[in-house]
Amino acid sequence: ASLAQHDIYVTYLFKCRPLCRFNKEAVGTFSKPFLTRQIKMMSPKFIVCLGDTVTQVLFDDKEAHVKELRGAWHAILGIPCAVSYHPLAVRRRPNLMRHFLEDWNMLAQRLHGKHL
1 ASLAQHDIYV
11 TYLFKCRPLC
21 RFNKEAVGTF
31 SKPFLTRQIK
41 MMSPKFIVCL
51 GDTVTQVLFD
61 DKEAHVKELR
71 GAWHAILGIP
81 CAVSYHPLAV
91 RRRPNLMRHF
101 LEDWNMLAQR
111 LHGKHL
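For what it's worth, the numbering used here labels the leading residue of the sequence shown as 1, then goes sequentially.
Below you can see the structure in the form of structure tokens.
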């Protein structure tokens, strides 16, 4: 199973780039209504949360972490949701690449109707 560019719509929790250090929790709380509205408008087949920050915001759980949630399906706003590492985390920690690729394979299988 493979993913093509037209199969994917990418958006971000943070709708603007801060110029310096910032409080991710506060910005995430501020940004969540915009992301929620965007998700409802796009009505995707599934959602992929990349990284702890967006996972914690969308799951509304400060203790939610990729390490515990990846590799399984969840639901956000009634939409199937998968969790994986942020690409920057994978770049900084190459040992995460295997898990990252496993997660994307799981997504491709779901997209092509092979539910796990």
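The beta-carbon is built from N, C-alpha and C at its ideal position, and this holds for glycine as well.
C-beta atoms of Leu50 and Gly28 nearer than 7 Å: By the CB criterion at 7 Å, Leu50 and Gly28 fall outside the cutoff.
Just to confirm, are Ile39 and Leu77 a CB contact at a threshold of 7 Å? Contact: yes.
Between the beta-carbon of Lys32 and the beta-carbon of Val57, is there less than 7 Å? With contacts defined as CB atoms closer than 7 Å, Lys32 and Val57 qualify as a contacting pair.
Compute the Euclidean distance between the alpha carbons of Val83 and Ala89, then round it to the nearest angstrom. When rounded, the distance between both Cα atoms is 13 Å.
Can you find the residues in the same chain that come closer than 6 Å, C-beta to C-beta, to Tyr85, ignoring five residues on each side of it along the sequence? Contacts found: Val66, Leu96 and Phe100.
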